[in-house]
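Written below as structure tokens is the structure these notes are about.
2 protein chains.
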Amino acid sequence: MGKCEQCIVRQLNSLKSLTKEELVRISACKTSRFVKKGEVIFDEGEHLNGVYCISEGICKVSKMSSNGRDQIIHLVKKGDILGERSLINDEVANLKATAINDMEICFIPRDEIINDLEKNPDFTMSILKDLASSLKSADNVIVDMAQKTVKQRLAEMLINLENRFGHDEDNVLNIHLSREDIANIIGTATESAIRLLSEFKKEGVIKVKGKNISLISIPKLKKIAQGF
Amino acid sequence: MGKCEQCIVRQLNSLKSLTKEELVRISACKTSRFVKKGEVIFDEGEHLNGVYCISEGICKVSKMSSNGRDQIIHLVKKGDILGERSLINDEVANLKATAINDMEICFIPRDEIINDLEKNPDFTMSILKDLASSLKSADNVIVDMAQKTVKQRLAEMLINLENRFGHDEDNVLNIHLSREDIANIIGTATESAIRLLSEFKKEGVIKVKGKNISLISIPKLKKIAQGF
DNA sequence: TTTAAAATATGATAATTATCAGTTTTTCAG
DNA sequence: CTGAAAAACTGATAATTATCATATTTTAAA
Chain A
1147 MGKCEQCIVR QLNSLKSLTK EELVRISACK TSRFVKKGEV IFDEGEHLNG VYCISEGICK
1207 VSKMSSNGRD QIIHLVKKGD ILGERSLIND EVANLKATAI NDMEICFIPR DEIINDLEKN
1267 PDFTMSILKD LASSLKSADN VIVDMAQKTV KQRLAEMLIN LENRFGHDED NVLNIHLSRE
1327 DIANIIGTAT ESAIRLLSEF KKEGVIKVKG KNISLISIPK LKKIAQGF
Chain B
1147 MGKCEQCIVR QLNSLKSLTK EELVRISACK TSRFVKKGEV IFDEGEHLNG VYCISEGICK
1207 VSKMSSNGRD QIIHLVKKGD ILGERSLIND EVANLKATAI NDMEICFIPR DEIINDLEKN
1267 PDFTMSILKD LASSLKSADN VIVDMAQKTV KQRLAEMLIN LENRFGHDED NVLNIHLSRE
1327 DIANIIGTAT ESAIRLLSEF KKEGVIKVKG KNISLISIPK LKKIAQGF
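For the record, the sequence lines run as chains A and B. Positions in the first sequence are counted from 1; adding 1146 to them yields the working numbering. Positions in the second sequence are counted from 1; adding 1146 to them yields the working numbering.
Put into structure tokens, the structure is as follows:
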């Protein structure tokens, strides 16, 4: 189990604002853990009692709608912090986190980190900026969900995946989602997502082989996302 | 122009966490202003340079979609703070604020309040909790927008209006929105919103007279919102 | 490897929602 | 008060999206 002070992942998130001493203290009480693909890290209604720092892998964060379908609200990857919101308002989790590939995650108990939150203004400001930025992007998602067609949303989502996860040497996106997950991100039926992916493929804007998706023309996708 | 120390509205928001001294300082530099119905307080892309504290009235906060329709993301009323996000990340406004009735608002310059944000941990934590709570409700809106039908969303919105704004002695909601605004909250065409309102009226779950809406059966509306 | 289960795919159809066109009602400036 | 503009409304129709049924392919456990 590595030490937080030396952890590279930490540099990617708000924990970078902690002092050396704080990190040593956190390192002593944190626990590291492997999570298998498909495993649920926490579910709606659970008490979190701490935050997770993602060392490796990707998980989806979702919420069940009253109509029985899961809506994926965001994708969390290496370097991201998970559960900070429940930490702040001290409520049970509003969302569910599920690994979409094998992961390694560190858990930091609430009591340790809440102390830093109250004492270290740099750290607090950093969390504050994180939340402000999440809120901005949530607002943008609301607008897209409310105003764009499923086709527009799919195009937009593909561009977002490219920006956030990048692609390998063969231009294949570095994230492999099931068709159902794709549908649950853009808020549509699985069949509709499949049909639109086929349509994009036919039109030559993407290449699809199983869960491997490559974007062939990002400009064209951007046009589709804007309604052309 | 009243003094912040004595302002009742302040008790409703994060400003209640400020000390007497901080309030006196802010009071000295704040400016108060009346805003007419329909007037734009700030628009997307503008530099805010401060936050607004709403003394009276209601405004809509919206964002233009690339398809040319305005999506209303929230309604801000007496006691709410407006523009805190732009304050924190120091970016231009992502949203537009428009008065939906006559308002009175106080403006607090950025420099004054940013100082308190960095120095007063109670105040910072209060803002942090505000943002966490906004983020939670934004996530819930995303789920609804993505998974619910327009009919479900309208029913839900009516319940939200009742909870947030209440009704007068004649059971009429204390907020008077145009049909277009209603459509822009739930993310649909104005005609669709009108049709569904008529349907609800016919079914006897609401009473409508112009912009005066009364909820007759909240339980029925809740059932509709959940898909029955 | 075999086989059952899960995921993906496709077609047909129904339901929802948007758009366009036009009418009626309301609002409000003069 | 009056007339023009804006808002609200209604109908017809088109476009989008969901649902159901079923076939094919892929995955993973025995």
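Each residue gets a CB set at the ideal place from its N, CA and C atoms; glycine is no exception. Bear in mind the structure is a predicted one, so any value in this text is a computation, not a measurement.
Ordered along the chain, which non-local residues of its own chain (more than five positions away) have a Cβ less than 6 Å from that of residue 1169/A?
Reading the first sequence from its first residue, position 23 is the one you call residue 1169/A. Excluding sequence neighbours, residue 1169/A sits near 1150, 1151.
Residues within the stretch 1211-1237 of chain B neighbouring chain A, beta-carbon criterion of under 7 Å:
Within the stretch 1211-1237 of chain B, the qualifying residues are 1211, 1212, 1213, 1215, 1217, 1219, 1231, 1234, 1235.
Report the rounded CA-to-CA distance for residue 1281/B versus residue 1281/A, giving the unit in angstroms.
As a working mapping, residue 1281/B is identified with position 135 in the second sequence. As a working mapping, residue 1281/A is identified with position 135 in the first sequence. Inter-residue distance for residue 1281/B and residue 1281/A is about 6 Å (C-alpha atoms, whole angstroms).
Within 10 angstroms of its Cβ, does residue 1132/A collect 16 or more other Cβ (buried), or is it exposed?
This structure cannot settle anything about residue 1132/A, because the visible part of chain A is limited to 1147 through 1374.
Three-way DSSP call (helix, strand, coil) for residue 1244/B in this model
For this step, residue 1244/B is matched to residue 98 along the second sequence. Here DSSP, grouped into helix, strand and coil, assigns residue 1244/B to strand.
What do you reckon, are the CB atoms on residue 1203/A and residue 1223/A nearer than 9 Å?
Taking the first sequence and counting its residues from 1, the one referred to as residue 1203/A is at position 57. Taking the first sequence and counting its residues from 1, the one referred to as residue 1223/A is at position 77. Residue 1203/A is a Cβ neighbour of residue 1223/A, given a cutoff of 9 Å.
Quick one: measure Cβ to Cβ for residue 1217/B and residue 1293/A, integer angstroms, because I've assumed they're closer than 8 Å.
Counting from 1 along the second sequence, the entry for residue 1217/B is found at position 71. Counting from 1 along the first sequence, the entry for residue 1293/A is found at position 147. Confirmed, about 5 Å.
Do the stretch 1188-1208 of chain B and the stretch 1241-1248 of chain B touch if we need at least three Cβ pairs shorter than 8 Å?
By the C-beta criterion, the stretch 1188-1208 of chain B is judged to be in contact with the stretch 1241-1248 of chain B, since at least 3 inter-stretch pairs fall below 8 Å.
Are any of the Cβ atoms in chain B nearer than 9 Å to that of residue 1267/A?
In the first sequence, residue 1267/A corresponds to position 121, counting from 1. With 9 Å as the cut-off, residue 1267/A counts as an interface residue toward chain B.
Grab the span of the beta strand (DSSP E) containing residue 1208/A for me, first residue to last.
For the purposes of this step, residue 1208/A is taken as residue 62 along the first sequence, with counting starting at 1. If you look at residue 1208/A, you'll find it in the beta strand (DSSP E) that goes 1204-1210.
What first and last residue would you give for the beta strand (DSSP E) that runs through residue 1295/A?
Start at 1 with the first residue of the first sequence, and residue 1295/A comes out as number 149. No beta strand (DSSP E) contains residue 1295/A, which DSSP labels as neither H nor E.
Residue 1233/A beta carbon less than 9 Å from that of residue 1197/A
Indexing the first sequence from 1 puts residue 1197/A at position 51. Indexing the first sequence from 1 puts residue 1233/A at position 87. The criterion of a C-beta distance shorter than 9 Å is satisfied by residue 1197/A and residue 1233/A.
When you compare the CB of residue 1303/A with every CB in chain B, is at least one pair closer than 9 Å?
Here residue 1303/A refers to the residue found at position 157 of the first sequence. Residue 1303/A does not count as touching chain B.
According to DSSP, is residue 1217/A helix, strand or coil?
Counting from one through the first sequence, the residue named residue 1217/A turns up at place 71. If DSSP states are grouped into helix, strand and coil, residue 1217/A belongs with the strands.
Secondary structure at residue 1177/A, three-state DSSP: helix, strand or coil?
Within the first sequence, numbered from 1, the residue matching residue 1177/A stands at position 31. Three-state DSSP puts residue 1177/A in a strand.
If contact is defined by three or more beta carbon pairs under 8 Å, each pair taking one atom from either stretch, is the stretch 1319-1327 of chain A in contact with the stretch 1355-1371 of chain A?
The stretch 1355-1371 of chain A vs the stretch 1319-1327 of chain A: in contact.
With a cut-off of 8 Å on the beta carbons, I'd call residue 1277/B and residue 1278/A a contact; round off their distance for me.
By one-based count along the second sequence, residue 1277/B stands at place 131. By one-based count along the first sequence, residue 1278/A stands at place 132. The pair is a contact, with the Cβ atoms about 6 Å apart (cut-off 8 Å).
Can you find a CB in chain A that lies within less than 9 Å of the CB of residue 1206/B?
For the purposes of this step, residue 1206/B is identified with residue 60 of the second sequence, where counting begins at 1. No, residue 1206/B lies away from the interface with chain A (no Cβ there is under 9 Å from its Cβ).
Rank 1332/B, 1304/B, 1331/B, 1334/B by C-alpha distance to the C-alpha of residue 1320/B and give the top, closest one.
Within the second sequence, numbered from 1, the residue matching residue 1320/B stands at position 174. Nearest of 1332/B, 1304/B, 1331/B, 1334/B to residue 1320/B, Cα basis: 1304/B.
Taking residue 1342/A and residue 1296/A to be in contact with their CB atoms under 8 Å, please state how far apart those CB atoms are, rounded to whole angstroms.
Residue mapping note: residue 1342/A aligns to position 196 of the first sequence, counting from 1. Residue mapping note: residue 1296/A aligns to position 150 of the first sequence, counting from 1. Confirmed, about 7 Å.
Just list the residues that DSSP pairs residue 1358/B with in beta bridges.
Numbered from 1 along the second sequence, position 212 holds the residue referred to as residue 1358/B. In DSSP, residue 1358/B forms a bridge with 1355/B.
Looking at residue 1206/B: is its Cβ nearer than 9 Å to the Cβ of residue 1285/A?
Start at 1 with the first residue of the second sequence, and residue 1206/B comes out as number 60. Start at 1 with the first residue of the first sequence, and residue 1285/A comes out as number 139. No, Cβ-Cβ distance for residue 1206/B and residue 1285/A is not below 9 Å.
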